[in-house]
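Numbering (UniProt numbering), first residue to last: 1 to 122.
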C-alpha cells in the first residue's frame with residue numbers, strides 16, 4: 001500500500017497526497033504553497049514520533065516526499081519573488097542531499113536576485 005493510505009502503529013498519519021501540484025496548475029499559488037508547507041509540517045510531526053524509524057523503505061519514501069515538497073515550494077517562492085523563503089526551502093533539501101542540483105540552482109537563483117553574489121559562489 002502507498003504511504004498515503006497506511007496508518008502507522010504509533011498513530012501518526014502520513015502526509016496528505018500532494019494537492020499542491022493541482023492548486024499550482026489552477027493558478028492558486030498561495031493555496032499550493034500552503035499545501036506543500038502542510039505536507040512538510042505533517043512530515044516533521046511523523047519524523048518527531050519516529051513513526052517509520054524501523055522501516056527504512058517507508059522512511060525513504062517520506063524523505064522523498066519532503067524533498068519534492070521543499071523543491072516545489074522553493075520554485076513557487078522564486079515565482080512569487082520570496083527570495084528568503086526560497087533559500088530556506090533549498091537549504092532544507094541541501095541538509096539531506098548536499099549535491100541536489102535543483103536545490104543548488106534554485107538557491108543560487110534566489111541569492112542572485114537578492115544581490116548576494118558572494119553567497120552564490122560558495
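The beta-carbon is built from N, C-alpha and C at its ideal position, and this holds for glycine as well.
Inter-residue CB distance, residue i and residue j (contact presumed, cutoff 8 Å)
i          : j          : result
residue 71 : residue 34 : Wrong, their Cβ atoms sit about 16 Å apart, outside the cutoff.
residue 29 : residue 79 : 7 Å
residue 25 : residue 76 : With a Cβ gap of about 12 Å, residue 25 and residue 76 do not count as contacting.
Proximity winner among the options, relative to residue i (alpha-carbon distances)
i          : options       : result
residue 38 : 66, 25 and 79 : 66
Beta carbon of residue i nearer than 8 Å to that of residue j
i           : j           : result
residue 74  : residue 106 : yes
residue 96  : residue 63  : yes
residue 124 : residue 110 : As shown, the chain starts at 1 and ends at 122. That puts residue 124 outside it, with no answer to give.
Query raised in the report: Should the stretch 80–99 be regarded as contacting the stretch 51–60, the criterion being three or more beta carbon pairs within less than 8 Å?
Result: They do not touch, by the three-pair rule.
Query raised in the report: Taking three-plus beta-carbon pairs below 8 Å as touching, is the stretch 43–50 in contact with the stretch 85–95?
Result: Cβ pair count under 8 Å is below three, so no.
**Report entry** Ordered list of alpha helix (DSSP H) runs contained in the stretch 38–111, each at least 4 residues
**Finding:** Correct list: 56–79 and 83–96.
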